[in-house]
Amino acid sequence: MIYQSYIKRLLDIVVSLLTLILLTPLFIVVAISIKLSSKGDIFFKQTRIGLNGKPFKIYKFRTMDVNPNRELNQTTNADPEVFPLGKVLRRLKIDELPQVFNVLKGDMSIIGPRPCLQQTYNEMPAWARERFNVRPGLSGLAQINGNITLSWEDRWKYDTTYIKKPSLKKDLAIIGKTFLVVLFGEHKFRRAK
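In structure tokens form, the structure reads like this:
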């Protein structure tokens, strides 16, 4: 419990600060590239559900053309509104990097269940809502085991498995595998049933 309550938060602050310092040049290049690639803001902000079911604003690099009439749903690279640079940013998970600001603010953690939309939260069974007992993460157990190739129920099972016994060792293993997922793609890491 000490790890979850204190050490994990301290590590989140240190890692997010170091990430911001080290990746500032990349952030600048990506921001300029987005501005030159399509019309609209550099960042995309969206309300997600976090710790204890509390809403917060999540930050991402924008990867889609601006469409105010677009319905909220899960997006893939096959979506026609994702512009070409956006496809690269999404494939390499670079679009998610601004979430280190969410980690620094305390809305998120480096590792934990991914934050979801209000609609997903509303439709989620009670057993799956246990995942909101911890801060949502940039990556998590579901993300290294197939992520969007999994059903929502399978993702929630991974999330609830993670929160039962969080540890530094488990978090480091997830971070390591996350790099492999980014390099080789989520579909390569889907577990066979």
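Residue numbers for the sequence shown follow our numbering, beginning at 1 and rising by one.
Note that beta-carbon positions come from the ideal geometry of N, C-alpha and C, so glycine has one too.
Model, not experiment: these values are computed from the prediction.
- At a cut-off of 4 residues, the continuous stretches assigned as alpha helix (DSSP H) that sit fully inside the segment 112 to 174 are 118 to 123 and 152 to 164.
- For PHE101, the three-state secondary structure derived from DSSP is helix.
- Counting other Cβ atoms within 10 Å of its Cβ, ILE32 stays below 16 and is therefore classed as exposed.
- For the options LEU26, GLU130, PRO84 and LEU20, the alpha carbon positioned closest to that of LYS157 is the one of GLU130.
- Within the DSSP secondary-structure output, MET64 pairs in a beta bridge with VAL82.
- Look at SER38 here: in three-state DSSP terms it is coil, with no helix or strand label.
- Below 8 angstroms, too few C-beta pairs join the segment 108 to 128 and the segment 83 to 94 to call them touching: fewer than three.
- In the three-state DSSP reduction, LYS87 falls in the helix class (H, G or I).
- Judged by DSSP in its simplified three-state form, LYS54 adopts coil rather than helix or strand.
- Taking 8 angstroms as the upper bound for CB-CB distance, ILE58 and ASN102 are in contact here, some 6 angstroms apart.
- Within a 10 Å sphere around the beta-carbon of ASP159 sit 16 or more other beta-carbons, which makes this residue buried.
- In the three-state scheme derived from DSSP, where H, G and I count as helix and E and B as strand, LYS188 is classed as helix.
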